[in-house]
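Shown next, in structure tokens, is the structure this report addresses.
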Amino acid sequence: MSGVTGLSTSMPVAGVVPAQREEHVRAADLLVRNAKVFTGDPGRPDAGAVAIRDGRVTALGDDHDLAHLVGPETRVVDALGRRVIPGLNDSHLHVIRGGLNYVLELRWDGVRSLRHALAMLREQAGRTPKGQWIRVVGGWTAEQFAERRMPTVAELNAAAPDTPVFVLHLYQSALMNRAAVRAAGFTRDTPDPRGGQIVRGRDGEPNGVLLAAPSALILYSTLAKAPALDEVDKRTSTRHFLRELNRFGLTSAVDAAGGFQNFPDNYATVVDLARSGELSLRIAYHLFPQTAGQELADLKRWTETVKPGDGDEWLRLNGAGENLTWAAADFENFSEPRPELAEGYETEFEQAVRLLMENGWGFRLHATYDETIRRDLAVFEKLAAEGLFPGDNRWLFDHAETVSTDSLDRIAALGGALSVQNRMSFQGTAFRDRYGAEAAAHTPPVRAMLDRGLTVGAGTDATRVSSYNPWVALHWLVTGRTVGGTALRPSGNPISRETALGLYTRGGARLTGEQDVKGVLREGFYGDLAILSDDYLTVPEAAIPDIEAVLTVVGGRIVYASAEYEGLDEALPPVAPQWSPVAHFGGYQSGAAQASLVAEAVAESERHRRWRVGRGSAPDTPPPFHDPCFAH
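Under the working numbering, the residue at position 210 of the sequence shown is numbered 205, and the numbers go up by one with no gaps.
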């Protein structure tokens, strides 16, 4: 079944009987009918049909109410009784950087056994040309595997003896095979960079393990040594990445910039796609000074040449950050102790904040720990005495895993907001092991944020930490469980499914000042929605991460279609280059297709454990989850 142009096809439209339309009533461009619509609008929470014209919602009601909006050119989509929601908005996604690299990456997102992950790697080694690397860049953790462990360097060497392999694990570490160590130019004489460690064997040679200790710059600078795409392929890669995000019902994202994302050079691809009308995701982006020591010069130049709000509804500048000055940024490797920031960073940091506030710029700040947040707030309170806070400029803290209730009160008083991500889905066990179960139960304290009336947006921090799948994040918000099933949050402190969805829709819109045009399905708002494969509001909690969209609409355009609607979305050019891992494996690996693979991996892992027990090299009782990368 499919949506169609007109009504003279096989698309079931029972219940939509065109009524006599008055001359002044314009027909809808798109009508979604026979649906269970969750609007997100408290004034009208439910509907059975949505009509969109000129990119905006023009009416909601039931099928009969909207029948008069069906004209000869109306595309009618039968939702077949499925759940329809407002389009999702990831409030912290490195979408621009992710798009430039997507087709180069072998994604282990959603892969449920290490055995299968290594098989993917072996297969990719056979098609990767000489000079290129195999890159597994974020979106996974050892806890998601049936074997409950990371790969070893020896396994990477066996899977790809001649092709460089770089496997990034969260913000914690990277594994490299021998070929990658050579390609990166690491030798026994290569010094450890500040905040990072090149692990070495007894002979002093690099053994293929890189550790963030605690800075992840060693991981990213090494990855940056791999070959990049040319401009044409960057364009194709970005379009396919946006389509992959549309696959999960995402219609908007706030780009958090990040390291190795220079303005304007690395923004050229999305600017070009916006000009040609080929973006399928609305992007509000930030600018991030890249070079320590010249942050103020960068910020000053930007405030003199561009301003927040520049752009249109598809691509617009939202502000600065998530770093303003490098010295003020903490690191979030929960397998390492909390970093101590340098004394006196506040002087330069204050200059940066003052410059932005005086020029009408909002900003976002990477701040994992309350110790950092308290120091930043002291700067803001000093500027508040001059009338700069609270002001009209939107500003927020990102992450805020250990923010205290006192700091939340101070944020509220200064007119700030927060953006939280599900990094605990992937790093929660490491956090609990270091700081204890009580601290992990309130990390981050989302309920306390909401109880204070603070604006809170939700996101993933993909692609190099968490997966970009928003349903994994929504599962964590609702259940407090990691991707490995570890319960972190007590059951007595729940966040309802509706509230969590609001953080992913209305919350993100507020962070970009677009709350009057998106985040809910309401007349006059953007025509952004998703028809879901399963009903988020009623499926068992364990099934939430497996939800996908079967049809995603942005501004009335069908940008993703599958199942009964396959073929209704816009055509994309083929994935290029042809050897791309995405061309063969796709992106996120859906769980349903892997059930048998997981069962095989579990059985094999158990046989191996029993063999080790028989040899006396393992205890009779399996140990709790342990990350062997940090056993040094």
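Glycine residues also receive a C-beta, built at the ideal position from the N, C-alpha and C atoms. Please read these numbers as outputs of a predicted model, since none were measured by experiment.
Exposed unless 16 or more other CB atoms sit within 10 angstroms - verdict on residue i
{"i": "K125", "result": "exposed"}
{"i": "E138", "result": "buried"}
{"i": "A324", "result": "buried"}
{"i": "K513", "result": "buried"}
{"i": "A178", "result": "buried"}
{"i": "R51", "result": "buried"}
{"i": "R197", "result": "exposed"}
{"i": "P569", "result": "exposed"}
{"i": "R427", "result": "buried"}
{"i": "Q256", "result": "buried"}
{"i": "A495", "result": "buried"}
{"i": "A155", "result": "buried"}
{"i": "T136", "result": "buried"}
Three-way DSSP call (helix, strand, coil) for residue i in this model
{"i": "Y560", "result": "helix"}
{"i": "L547", "result": "First, the residue type needs correcting, since residue 547 is Thr and not Leu in the sequence shown. Strand at T547."}
{"i": "R28", "result": "strand"}
{"i": "I368", "result": "helix"}
{"i": "V301", "result": "coil"}
{"i": "H19", "result": "coil"}
{"i": "H470", "result": "helix"}
{"i": "H87", "result": "strand"}
{"i": "T246", "result": "strand"}
{"i": "V398", "result": "coil"}
{"i": "G423", "result": "helix"}
{"i": "D267", "result": "helix"}
{"i": "G93", "result": "helix"}
{"i": "Y463", "result": "coil"}
{"i": "V554", "result": "strand"}
{"i": "V72", "result": "strand"}
{"i": "K220", "result": "coil"}
{"i": "V65", "result": "coil"}
{"i": "S575", "result": "coil"}
{"i": "F375", "result": "helix"}
{"i": "V570", "result": "coil"}
{"i": "S275", "result": "coil"}
{"i": "L445", "result": "helix"}
{"i": "N261", "result": "helix"}
{"i": "L403", "result": "helix"}
{"i": "G1", "result": "Reliability of the predicted coordinates at G1 is poor, the pLDDT of 37 falling under 50, and the value obtained from them is presented with this limitation in mind. If DSSP states are grouped into helix, strand and coil, G1 belongs with coil."}
Which residues DSSP lists as bridging residue i, in chain order
{"i": "E100", "result": "R130"}
{"i": "A292", "result": "BP columns for A292 are empty, so no partner."}
{"i": "H361", "result": "D393"}
{"i": "V45", "result": "V27, L55"}
{"i": "S78", "result": "In the sequence under discussion, the amino acid at residue 78 is Arg, which differs from the Ser named in the question. Partner(s): K31."}
{"i": "P40", "result": "None; P40 has no bridge partner."}
{"i": "S414", "result": "D393, G452"}
{"i": "H281", "result": "G314"}
{"i": "G306", "result": "R311"}
Other residues of its chain near residue i: CB distance less than 8 Å, five sequence neighbours each side excluded
{"i": "K31", "result": "D41, G43, A74, G76, R77, R78, V79, D530"}
{"i": "E543", "result": "R242, F243, G244, W466, L527, S528, S557, S585"}
{"i": "T185", "result": "I193, P201"}
{"i": "H19", "result": "none"}
{"i": "E273", "result": "R234"}
{"i": "G386", "result": "M352, G410"}
Same chain only: Cβ atoms within 7 Å of residue i, ignoring 5 sequence neighbours per side
{"i": "N152", "result": "N172, R173"}
{"i": "A269", "result": "W309, L310"}
{"i": "G508", "result": "R389"}
{"i": "H281", "result": "D250, A251, A252, N313, G314, A315, G316, E317, R359"}
{"i": "V301", "result": "L312"}
{"i": "K229", "result": "L95, T264"}
{"i": "L567", "result": "R234, H235, R238"}
{"i": "S86", "result": "V249, S414, G452, A453, G454, G502, G503, L506"}
{"i": "L516", "result": "V32, T34, G35, D36, V45, V52, L55, P81, L524"}
Residues near residue i by beta carbon distance below 6 Å, same chain, minus five either side
{"i": "V160", "result": "I129, L151, N172, A175"}
{"i": "P439", "result": "A395, E396, V415"}
{"i": "W471", "result": "N417, S420"}
{"i": "E317", "result": "A251, R359, H361, D393"}
{"i": "P618", "result": "At P618, the pLDDT of 49 sits below 50, so the modelled position is not reliable and the matter cannot be decided from this model."}
{"i": "N328", "result": "Y166, Q167, A207, P209"}
{"i": "H627", "result": "Low local confidence applies: a pLDDT of 34 at H627 is under 50, so the model's placement there is unreliable, and no value is given."}
Any non-hydrogen atom of the ligand GDP closer than 7 Å to residue i Cβ
{"i": "E239", "result": "Absent from the structure shown: the ligand GDP. Ligands present: none."}
Complete beta strand (DSSP E) runs within the segment 107 to 189 (minimum length 3 residues, chain order):
129 to 132, 160 to 164, 168 to 171
Just list the alpha helix (DSSP H) runs in the segment 308 to 346, keeping only unbroken ones of 4 residues or longer that don't cross its boundaries, in chain order.
none
For the segment 475 to 542, list the alpha helix (DSSP H) runs that are entirely contained and at least 4 residues long, ordered along the chain.
492 to 498, 501 to 506
Any chance you could list the beta strand (DSSP E) runs of at least 3 consecutive residues sitting entirely within the segment 191 to 218, in chain order?
191 to 195, 201 to 207
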